[in-house]
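Below is one structure, written out as structure tokens, with a few remarks after it.
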Amino acid sequence: MDRADADWDIYDCRIQSVVDEYNRHLSSSTGYVPLDWKVVKTMLWVETGAGSSEWKSKPMQIGNRDDPGLASLLLGNEGGDLIIPPSMRPYMSIQGAKVEPLQNIRAGVGYLLMRMASYAYKSVPNADARVCEVAAGPGDNLDRIAKAQGSTLEAMKKLNPSVRVVHAGDVLKYQKASIRRVITGWNTLSASGVAQRYNRGDPAYASKFQYATRAVVQRRDAACVR
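Letter 183 of the sequence shown, counting from 1, is numbered 163 in this note's numbering, and no numbers are missing.
Dropping the structure here:
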């Protein structure tokens, strides 16, 4: 690494473009701190490096045999659906990420961010979240009305904070909503954090990452169109 030639820098512009796209997409997420593209460059140097036979195909190593990370990201059942920008998704596939460097970098960054995020299931208003009114019928309660109107109990309570007991004829507010997984925060990005969440199979990963970081920060930045 200390004597790395120009081949070690060939992905600089692609990394910057990918990281910029993720940062824009996640900018409104609670507690999100923009990802530094050099963190990703450091990961490439640790995962493969220009001397590796996979440097020109799978530089971040996501998608290796018996590695569930790529599938968990793209299937969306662990939060990947919230992490991957909609503009990027049409260009990502499991097979493509195994053989095409740009797709591999997109998937690797997405997996890192998916693992760094914290999640919870919460009531989320629908896109056309108009507040409407409905009259309660005999035997109704907030939960029953929520189910009938395609809302949630949490949304009903928020819109009708003073209601404790529902009586027939009461006019209540409701809003279409559903329980969904949402991002609630982010874990701190550090060498140990990257090691724990991206590559738990290498006990020396954190120390390798710190060493590579020192080499990466000394490199001259590429002149990229952003």
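The C-beta atom is built at its ideal place from N, Cα and C for all residues, glycine as well.
All values derive from a computational prediction rather than experimental measurement.
C-alpha gap between residue i and residue j, whole angstroms
{"i": "N84", "j": "N140", "result": "48 Å"}
{"i": "G88", "j": "V(-1)", "result": "11 Å"}
{"i": "Y(-9)", "j": "S170", "result": "22 Å"}
{"i": "V205", "j": "M68", "result": "18 Å"}
{"i": "L50", "j": "W35", "result": "18 Å"}
{"i": "K127", "j": "G165", "result": "29 Å"}
{"i": "M260", "j": "L55", "result": "Residue 260 lies beyond the range of the chain shown here (-19 to 206); nothing can be said about it."}
{"i": "A203", "j": "I125", "result": "58 Å"}
{"i": "S73", "j": "Q190", "result": "31 Å"}
{"i": "N106", "j": "G43", "result": "34 Å"}
{"i": "L152", "j": "A116", "result": "7 Å"}
{"i": "C112", "j": "V146", "result": "17 Å"}
{"i": "V174", "j": "G31", "result": "22 Å"}
{"i": "D108", "j": "A157", "result": "10 Å"}
{"i": "V162", "j": "Q176", "result": "22 Å"}
{"i": "R110", "j": "S131", "result": "12 Å"}
{"i": "S(-3)", "j": "G149", "result": "57 Å"}
{"i": "V79", "j": "T168", "result": "30 Å"}
{"i": "R45", "j": "E58", "result": "20 Å"}
{"i": "E1", "j": "P48", "result": "24 Å"}
{"i": "L15", "j": "M96", "result": "11 Å"}
{"i": "A77", "j": "D120", "result": "52 Å"}
Sequence-distant residues of the same chain with beta carbon closer than 7 Å to residue i, five excluded per side
{"i": "Q129", "result": "V114, Y154"}
{"i": "P39", "result": "Y(-9), L24, E27, T28, P81, N84, I85"}
{"i": "L53", "result": "G60, A87, G90, Y91, M94"}
{"i": "K188", "result": "V26"}
{"i": "D(-11)", "result": "R199, A202"}
{"i": "L133", "result": "L122, D123, A126"}
{"i": "S172", "result": "A186"}
{"i": "Y(-13)", "result": "As written in the sequence, residue -13 is Asp, which differs from the Tyr given in the question. Taken in chain order, the residues that qualify are A30."}
Sequence-distant residues of its chain with Cβ nearer than 6 Å to residue i (five each side left out)
{"i": "K21", "result": "I(-5), V196"}
{"i": "T193", "result": "T22"}
{"i": "K138", "result": "none"}
Own chain, CB closer than 8 Å to residue i, minus 5 neighbours either side, in chain order
{"i": "A4", "result": "This sequence places Arg at residue 4; Ala is not what is there. Hits under 8 Å: P65."}
{"i": "D201", "result": "D(-8)"}
{"i": "Q75", "result": "none"}
{"i": "V104", "result": "A157, S158, I159, R160, V162"}
Beta-ladder partner(s) of residue i, from DSSP
{"i": "E113", "result": "K153"}
{"i": "V104", "result": "S158"}
{"i": "A97", "result": "W166"}
Heavy atom of the ligand COA within 8 Å of residue i beta-carbon
{"i": "D120", "result": "Among the components of this structure there are no ligands whatsoever, and the ligand COA is therefore not found."}
Q: Could you tell me whether the region -2 to 12 touches the region 60 to 69, using the rule of 3 or more Cβ pairs below 8 Å?
A: yes
Q. Is there contact here, the region 180 to 199 with the region 90 to 110, by at least three beta-carbon pairs under 8 Å?
A. no
Q | Length-filtered (3 minimum) beta strand (DSSP E) runs lying within the region 154 to 203 | A | 157 to 166
Q. Where in the region 5 to 38 do unbroken runs of the alpha helix (DSSP H), each at least 4 residues long, occur, reported from the N-terminal end onward?
A. 17 to 27
Q.
To test your reading of the DSSP string, which unbroken alpha helix (DSSP H) runs of 4 or more residues are found completely within the region 29 to 93?
A. 49 to 55, 60 to 63, 74 to 79
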